[in-house]
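Enquirer: Using the working numbering, you'd call the opening residue of the sequence shown number 88 and step up by one each time. Quick one: structure below, then a few questions.
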Amino acid sequence: MALSKGWQHFKTITKHRHLVMKHCFQVGLYRRGLAHDLSKYSWTEFRAGIRYYQGTRSPNTAEREAMGYSLAWMHHKGRNKHHFEYWTDILPGTKTYGPVPMPTQYLVEMVMDRIAACKVYKGKDYHDGSALEYLEQSRDTGLMHPETRAKLSFLLTMLRDQGEKETFRFIRQVVLRGLPYGPDTASPTQAH
Numbered sequence: 088m089a090l091s092k093g094w095q096h097f098k099t100i101t102k103h104r105h106l107v108m109k110h111c112f113q114v115g116l117y118r119r120g121l122a123h124d125l126s127k128y129s130w131t132e133f134r135a136g137i138r139y140y141q142g143t144r145s146p147n148t149a150e151r152e153a154m155g156y157s158l159a160w161m162h163h164k165g166r167n168k169h170h171f172e173y174w175t176d177i178l179p180g181t182k183t184y185g186p187v188p189m190p191t192q193y194l195v196e197m198v199m200d201r202i203a204a205c206k207v208y209k210g211k212d213y214h215d216g217s218a219l220e221y222l223e224q225s226r227d228t229g230l231m232h233p234e235t236r237a238k239l240s241f242l243l244t245m246l247r248d249q250g251e252k253e254t255f256r257f258i259r260q261v262v263l264r265g266l267p268y269g270p271d272t273a274s275p276t277q278a279h
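And the structure:
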């Protein structure tokens, strides 16, 4: 049974990784695509996949439910800068831990990660609004810097409303070039 779950988990994370890589390549983010989620193959993270694999959600969620925490997740978020949870630091003004804005390349990788995760876990039920729906249902986004949250929401809303092709074009031509975007700037269709 463990061997079967391990094989299924390996196929799932590899499929996800390849989708993220493909999407990152489509927007010109080659290095991030190649490096994406390599830590999932480490024993700390892969072990949770063997033990808690279900195929419809992250094994880290099941590990958290069983143990009260997820060692695999703590390992993963500490090594993968495309997770907003990585981007916390001691804030100079308050001397307390808090979120800081994500650099652009990791924000874009996070967008690709969310799209790919929804495609893998939702299968034929995936649609361009899936990643935005997942974001809106999340309870942990209070840990995300407001600027990061606004940019992520903007891009996932564009994905829902304008589709993958237009969103990826916008990411290539606007976001990764460092041009301003978001709810307070010109409409994405005006930026060419």
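Beta carbons: idealized from backbone N, C-alpha and C, even for Gly.
#1: I need the straight-line Cα distance from Thr272 to Trp94, nearest angstrom please.
#2: Comparing alpha-carbon positions, which option in Arg138, Ser91, His162 lies nearest Glu152?
#3: Check the DSSP bridge columns for Gly185 and list the partner residues they point to.
#4: Gln249 lies in the alpha helix (DSSP H); which residues open and close that run?
#5: Expressed to the nearest angstrom, what Euclidean distance is found between the alpha-carbon atoms of Trp160 and Glu132?
#6: Since Arg144 contacts Tyr213 with CB under 8 Å, what's their CB separation in whole angstroms?
#7: Which value, in whole angstroms, describes the spacing of the CA atoms of His96 and Arg104?
#8: For Pro188 and Lys238, I'd like the C-alpha separation in whole angstroms.
Expert: According to the structure data:
#1: Sequence index remark: in the sequence shown, residue 272 carries index 185 (1-based). Sequence index remark: in the sequence shown, residue 94 carries index 7 (1-based). Cα-Cα distance, rounded: 46 Å.
#2: In the sequence shown, counting from the first residue as 1, residue 152 sits at position 65. Among Arg138, Ser91, His162, the Cα nearest to that of Glu152 belongs to Arg138.
#3: Against the sequence shown, residue 185 aligns to sequence position 98. According to DSSP, which records beta bridges pairwise, Gly185 is partnered with Asp176.
#4: Position 162 of the sequence shown, counted from the start, is the residue given in the question as residue 249. Run containing Gln249: 233-257, per the alpha helix (DSSP H) assignment.
#5: As a first step, residue 160 is located in the sequence shown; it is residue number 73 there, counting from the start. As a first step, residue 132 is located in the sequence shown; it is residue number 45 there, counting from the start. Trp160 and Glu132: Cα-Cα distance of roughly 7 Å.
#6: Within the sequence shown, numbered from 1, the residue matching residue 144 stands at position 57. Within the sequence shown, numbered from 1, the residue matching residue 213 stands at position 126. Rounded, the Cβ-Cβ distance is 14 Å, inconsistent with contact.
#7: Taking the sequence shown and counting its residues from 1, the one referred to as residue 96 is at position 9. Taking the sequence shown and counting its residues from 1, the one referred to as residue 104 is at position 17. Each residue's alpha carbon lies about 12 Å from the other.
#8: Sequence index remark: in the sequence shown, residue 188 carries index 101 (1-based). Sequence index remark: in the sequence shown, residue 238 carries index 151 (1-based). Between Pro188 and Lys238, the C-alpha separation is close to 10 Å.
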